[in-house]
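K.L.:
Residue numbers (my numbering): 2 to 350.
Virtual Cβ for every residue (Gly too), placed ideally from N, Cα, C.
Keep in mind the model is a prediction, meaning the values are calculated, not measured.
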């Protein structure tokens with residue numbers, strides 16, 4: 002087992018099927034693939050493919066079903082790919098590139114005006130931030146608008162929900178922008194520096210550097226704040242609750258409308274990133290490489306598969322991404338010999 006991701010046999014530079022342990026619960030390995038990605042990596046998933054961006058070599062796509070290499074493109078990027086419709090958007094060399102999701106063929110490229118700090122899909126196209134400027138393009142690359150702010154857009158602090166873009170600035174401001182017109186609807190001074198945005202159902206959620214969890218309304222007002230929770234990554238949400246993992250090695254759920262805490266569960270080890278939805282449960286990727294599964298209503302932690310004899314605690318998880326359904330998770334693993342694997346795990350039903 003590599004960092005909690007159960008693998009069978011030796012690492013190989015080809016895709017292959019692996020037998021899932023019948024008694025295991027949670028997620029079992031489906032396949033693995035050797036990677037030649039030497040830089041810092043980030044990931045995203047589409048309907049049938051997983052995409053890995055590397056800061057040195059570019060972006061690669063693998064089929065989610067069996068791990069076969071689908072395509073490669075030499076567009077190095079420090080930002081995770083963004084998948085929307087049948088396109089993958091990559092911010093590389095101060096340009097945004099739109100690639101065909103199935104073939105990787107470039108469809109169009111546009112100047113960002115500087116090094117990109119954030120990129121997001123807006124339903125009808127893509128938004129990209131560089132310096133103080135936020136730009137929007139349609140799905141076919143036609144420039145829609147650009148908006149200059151009083152401060153620079155903070156790295157990664159861009160989220161879109163129901164026609165509104167939430168933009169976090171380095172000067173501490175939160176800006177609401179109409180994605181159709183680029184008009185600024187409101188601007189608020191935040192009490193803290195956000196760590197990662199999650200927007201859904203008319204609310205924006207984030208953990209702050211002040212160790213509080215916040216929810217902001219679509220109109221810019223603060224909906225609630227829960228104090229003394231130091232959040233890792235972006236929260237997840239559904240129609241009732243918002244879920245967060247904390248530096249104290251717990252997962253917690255809060256009423257999405259008023260912030261009342263509903264449950265708190267201790268995790269086996271520290272979380273690698275924020276949680277995601279997995280059917281009737283919440284999945285939390287751990288730094289050990291394992292995945293903690295919790296009942297979303299009660300927070301009860303499901304039993305994990307027993308460790309195998311091939312445990313290798315020296316291996317590291319470099320990046321992780323889940324499918325839209327939450328029933329598949331893909332991770333880039335650094336082995337003790339400094340080689341890398343792309344590992345896919347599927348939920349055991």
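Between 257, 258, 262, 327, which lies nearest to residue 251 when the distance is taken from Cα to Cα?
P.N.:
Taking the first residue of the chain shown as position 1, residue 251 is located at position 250. Selected option, being the one with the closest Cα: 262.
K.L.:
Note down, one range per segment and in chain order, each beta strand (DSSP E) of at least 3 residues found wholly within the segment 215-248.
P.N.:
Taking only runs of at least 3 residues, the beta strand (DSSP E) segments lying wholly in the segment 215-248 are 223-227, 232-238, 242-247.
K.L.:
With a floor of 4 residues, list each alpha helix (DSSP H) that falls wholly inside the segment 164-213, ordered by position along the chain.
P.N.:
None, since the segment 164-213 contains no complete alpha helix (DSSP H) of that length.
K.L.:
With distances taken Cα to Cα, identify the nearest neighbour of residue 133 among 144, 142, 176, 163.
P.N.:
Within the chain shown, the letter at position 132 stands for residue 133. Among 144, 142, 176, 163, the Cα nearest to that of residue 133 is on 176.
K.L.:
Excluding the 5 residues preceding and the 5 following residue 211 in the sequence, name in chain order all residues of the same chain whose CB lies nearer than 6 Å to its CB.
P.N.:
Position 210 of the chain shown, counted from the first residue, corresponds to residue 211. For residue 211, where only same-chain residues beyond five positions count, the Cβ hits under 6 Å are 193.
K.L.:
Just the C-alpha distance for residue 246 and residue 183, rounded to the nearest angstrom, thanks.
P.N.:
Position 245 of the chain shown, counted from the start, is the residue given in the question as residue 246. Position 182 of the chain shown, counted from the start, is the residue given in the question as residue 183. When rounded, the distance between both Cα atoms is 33 Å.
K.L.:
Taking C-alpha atoms, which residue in 278, 174, 253 lies nearest to residue 222?
P.N.:
On the chain shown, residue 222 is found 221 positions in, with the first residue counted as 1. When each option's Cα is compared against that of residue 222, the closest is 174.
K.L.:
Going by DSSP in three states, residue 64 sits in which element: helix, strand or coil?
P.N.:
Walking along the chain shown from the start, residue 64 turns up at place 63. Here residue 64 sits in strand by DSSP.
K.L.:
Suppose only complete runs of 3+ residues qualify. What are the beta strand (DSSP E) ranges in the segment 33-103, listed by chain order?
P.N.:
Those beta strand (DSSP E) runs which fall completely within the segment 33-103 and span 3+ residues are 42-46, 50-55, 59-64, 70-74, 83-85, 88-93, 96-101.
K.L.:
Give the straight-line distance between the Cα atoms of residue 95 and residue 108, rounded to the nearest whole angstrom.
P.N.:
For this step, residue 95 is matched to residue 94 along the chain shown. For this step, residue 108 is matched to residue 107 along the chain shown. Using only the alpha carbons, I get a separation of about 17 Å.
K.L.:
Quick one: Cα of residue 191 to Cα of residue 104, how far?
P.N.:
As a position in the chain shown, residue 191 is number 190, starting the count at 1. As a position in the chain shown, residue 104 is number 103, starting the count at 1. Looking at the two C-alpha atoms, the distance is approximately 42 Å.
K.L.:
Is residue 137 closer than 8 Å to residue 114 when the C-beta atoms are compared?
P.N.:
Looking up residue 114 in the chain shown gives position 113. Looking up residue 137 in the chain shown gives position 136. It is not a contact, given that the beta carbons lie outside the stated cut-off.
K.L.:
When DSSP labels each residue in this structure, what does residue 337 get in the three-state scheme?
P.N.:
Taking the chain shown and counting its residues from 1, the one referred to as residue 337 is at position 336. It is coil, neither helix nor strand.
K.L.:
Using the beta-carbon count (16 or more within 10 Å), is residue 248 buried or exposed?
P.N.:
As a position in the chain shown, residue 248 is number 247, starting the count at 1. When all chains shown are included, residue 248 counts as exposed.
K.L.:
How is the beta strand (DSSP E) around residue 286 delimited, first residue to last?
P.N.:
Numbered from 1 along the chain shown, position 285 holds the residue referred to as residue 286. Taken as a continuous stretch (DSSP letters only), the beta strand (DSSP E) holding residue 286 covers 282-286.
K.L.:
Please state whether DSSP places residue 298 in a helix, a strand or coil.
P.N.:
Taking the chain shown and counting its residues from 1, one reaches residue 298 at position 297. DSSP places residue 298 in coil when its eight states are reduced to three.
K.L.:
Leaving aside the five residues before and after residue 231 along the sequence, list all residues of the same chain whose C-beta is less than 8 Å from its C-beta, in chain order.
P.N.:
Locating residue 231 in the chain shown gives position 230, counting from the first residue. These residues qualify, in order along the chain: 208, 212, 247, 248, 249.
K.L.:
For residue 200, which residues from the same chain have a beta carbon less than 6 Å from its beta carbon, with the 5 sequence-adjacent residues on both sides left out?
P.N.:
Translated into positions along the chain shown, residue 200 becomes position 199. So the qualifying residues of the chain are 160, 162, 167.
K.L.:
Roughly how many angstroms separate the alpha carbons of residue 189 and residue 220, rounded to a whole number?
P.N.:
Within the chain shown, residue 189 is the residue found at index 188, counting from 1. Within the chain shown, residue 220 is the residue found at index 219, counting from 1. Computed Cα separation, rounded: 10 Å.
K.L.:
Would you mind sorting residue 339 into buried or exposed? The rule is 16 or more other CB atoms within 10 Å of its CB.
P.N.:
For the purposes of this step, residue 339 is taken as residue 338 along the chain shown, with counting starting at 1. That one is exposed.
K.L.:
Residue 218 to residue 326, Cα distance in whole Å?
P.N.:
Locating residue 218 in the chain shown gives position 217, where the first residue counts as 1. Locating residue 326 in the chain shown gives position 325, where the first residue counts as 1. Taking the straight line joining both Cα atoms gives about 26 Å.
K.L.:
Can you tell me the Cβ-Cβ gap for residue 127 and residue 97, rounded? I've got them flagged as a contact below 8 Å.
P.N.:
Indexing the chain shown from 1 puts residue 127 at position 126. Indexing the chain shown from 1 puts residue 97 at position 96. Between residue 97 and residue 127 the Cβ distance is about 6 Å, and since that is below 8 Å, they are a contact.
K.L.:
Taking only three categories from DSSP, how would you classify residue 343?
P.N.:
Within the chain shown, numbered from 1, the residue matching residue 343 stands at position 342. Strand at residue 343.
K.L.:
CB residue 60 to CB residue 91, shorter than 8 Å?
P.N.:
Numbered from its first residue, the chain shown carries residue 60 at position 59. Numbered from its first residue, the chain shown carries residue 91 at position 90. In contact: residue 60 and residue 91 (Cβ atoms closer than 8 Å).
K.L.:
Using C-beta distances below 7 Å, list every residue in its chain close to residue 24, excluding the 5 sequence neighbours before and after it, in chain order.
P.N.:
In the chain shown, the residue the question calls residue 24 occupies position 23. With a pLDDT of 41 at residue 24, under the threshold of 50, the modelled position of that residue is not reliable, and the figure given next carries that caveat. Here the set comprises nothing.
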